[in-house]
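Residue numbers (the working numbering): 3 to 159. Using N, Cα and C, we set each Cβ at its ideal position, and we do this for glycine too. Every value quoted in this text rests on a predicted model; they were computed, and no experiment measured them. Here's the structure we're looking at; comments come further down.
The following block contains the structure:
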């Protein structure tokens, strides 16, 4: 699992290379990890390559009620996302190495304004818009999976 996550990361990173976002069809489903958020379970596709991060949830027309996409980066930074070619309204949680939510932003479909982490993070989780709010999850809440979040794995041993 760690090998899978080692090279992961974004639906639309503002720093994407030229030509990014020219996507006509959704990408095939990606490998899925299970995250626990309080008493809620999330099944998150993992964007594990630069191209899969670049495409993210573009051109998807639906998400299951507890499905989303987890972007994983090699280095912590204040990453920014946009919604070019993304058809669904989404909420994005920026998450630190301990699985703690730093901030959550709502994102409107087909927009290119940036939605940024308020602190350096390595993870971002996109869910249908309002998913976090409906479950009373906000900044400071924790997502759990020691195989995903390195800060949790270190405490396990």
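Does the count of Cβ pairs from the segment 41-55 and the segment 76-84 closer than 8 Å reach three? no
If contacts are defined as beta-carbon pairs under 8 Å, then residue 117 and residue 94 qualify, I think. What distance do you get, rounded to the angstrom? The residue given as residue 117 occupies position 115 in the chain shown. The residue given as residue 94 occupies position 92 in the chain shown. Indeed, because the Cβ distance is near 6 Å, the residues count as touching under 8 Å.
For residue 91 and residue 108, I'd like the C-alpha separation in whole angstroms. Within the chain shown, residue 91 is the residue found at index 89, counting from 1. Within the chain shown, residue 108 is the residue found at index 106, counting from 1. About 8 Å.
Any heavy atom of the ligand GTP inside 7 Å of the beta-carbon of residue 113? The model depicted lacks the ligand GTP and carries no ligand whatsoever.
Close beta carbons around residue 27, own chain, < 6 Å, minus the five adjacent residues each side: Taking the first residue of the chain shown as 1, we reach residue 27 at position 25. Contacts found: 61.
Hey, could you find the ends of the alpha helix (DSSP H) residue 52 is sitting in? Within the chain shown, the letter at position 50 stands for residue 52. Per DSSP, residue 52 belongs to the alpha helix (DSSP H) from 52-57.
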